[in-house]
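Position in the sequence shown counted from 1, then plus 269, gives you my numbering. We treat Cβ as the ideally placed atom computed from N, Cα and C, and that holds for glycine. For reference, the structure is listed below as structure tokens.
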Amino acid sequence: MSPARQVHKRRQATEGQLLDAVAVGQVTPGPLFTMATFVGYLLGGLPGAAVATLGIFLPAFLFVAASGPLVPRLRRSPTAGAFLDGVNVASLELTFVVSWHLGRAAIVDLPTALLAAASAFLLLRFRVGSAWLVAAGGAIGLLAWTLR
């Protein structure tokens, strides 16, 4: 089940709010962390944002602090090195699948498809930063909404 459907099924946030969280996250460094804070704020106000931020930062911080010294030794082991390579591949696949599902939820008509295609072209051909693409997409969306 896609993340957007899970959020909708559990009524934690609407699909639109999830897409807004992704957009807000892309504007700033650390999009996943920013998105967690945004969703925490949507669900619980300022205390929710604080708990979500702590909840997403603290486990990773503790894991890195504990495993940092071990990773170079693990990499020397053929079995552990292969496992770590597999984890890297799995994380790339997870990123792709989530992006695919969010894209399917966000690209709903010809204008959004054209905007997505133009963004992909600008990103791949000219290496335009994602913050600029999100800002331009927001401005175009606001202009289209205003002209209705």
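To the nearest angstrom, how far is the alpha carbon of S388 from that of L402? For the purposes of this step, residue 388 is taken as the residue at position 119 of the sequence shown. For the purposes of this step, residue 402 is taken as the residue at position 133 of the sequence shown. For S388 and L402, the distance between alpha carbons rounds to 6 angstroms.
Give the straight-line distance between the Cα atoms of R344 and A359, rounded to the nearest whole angstrom. Residue numbering aside, residue 344 sits at position 75 when the sequence shown is read from its first letter. Residue numbering aside, residue 359 sits at position 90 when the sequence shown is read from its first letter. Using only the alpha carbons, I get a separation of about 17 angstroms.
Go to A329, then tell me how far its alpha helix (DSSP H) extends in each direction, as first and last residue. If you number the sequence shown from 1, residue 329 lands on position 60. Here the alpha helix (DSSP H) through A329 covers P300 to S336.
Between P380, V320 and F395, which lies nearest to G406 when the distance is taken from Cα to Cα? What you label residue 406 is simply residue 137 of the sequence shown in a count that begins at 1. Cα-wise, what sits closest to G406 is P380.
Would DSSP call R417 helix, strand or coil? The residue you call residue 417 lines up with position 148 of the sequence shown. Coil, per DSSP.
In the DSSP assignment, the alpha helix (DSSP H) including V367 goes from what residue to what residue? Along the sequence shown, one-based indexing puts residue 367 at 98. The continuous alpha helix (DSSP H) containing V367 extends over residues P347 to A375.
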